[in-house]
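Numbering (the working numbering), first residue to last: 192 to 350.
This is how it looks when you write it as structure tokens:
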């Protein structure tokens, strides 16, 4: 874990970086539950307009030493709140996801929070566990990035 990691509100210039992160095929395969066409700029823009204009959604840019490396989100799903994160693959394995999610959890204090990850995404499962999430069940859903149904863990943070 190195570098000065910070969360800040998303600004328009960040979206260029987020789009570049989103079109990475390996990152999409790992995330599994992505947009049907990650290379569609119109769908990307529509998605981010919704995220940035919904007051119930907390969206933060993750920077390390001033460089945009990803984003973290907290968003309503029914009566629950879920968290999500995306770190640029060039920055994987440096603890940024764990640090960014931990920072988001200090800002978003409502509990319980939920998260989901593909069962074979061991790195994401480790991030969530390090942040206090526990597996509460499993589900199976269609994963656009893989083109078929994928098993996923459902996790919860209560404290």
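Even glycine gets a Cβ: it sits at the ideal position worked out from N, Cα and C.
Contact between the segment 263-271 and the segment 206-217 is absent, with fewer than three C-beta pairs closer than 8 Å. Per DSSP, residue 228 is not a residue of any beta strand (DSSP E), being assigned neither H nor E. Looking at the DSSP output, residue 321 sits in no beta bridge, so it has no partner there. Restricting attention to alpha helix (DSSP H) runs no shorter than 4 residues, the segment 224-277 encloses them at 232-244, ordered along the chain.
By a beta-carbon distance limit of 8 Å, residue 261 does not contact residue 239. Their separation comes to about 14 Å. The three-state secondary structure of residue 199, taken from DSSP, is strand.
Short of 7 Å from the beta carbon of residue 246, and not among the five residues preceding or following it, lies no beta carbon of its own chain. Non-local C-beta neighbours of residue 231 in its own chain, meaning closer than 8 Å and more than five positions away in sequence, are absent. Under the three-state reduction of DSSP output, residue 193 falls in the coil class, being neither helix nor strand.
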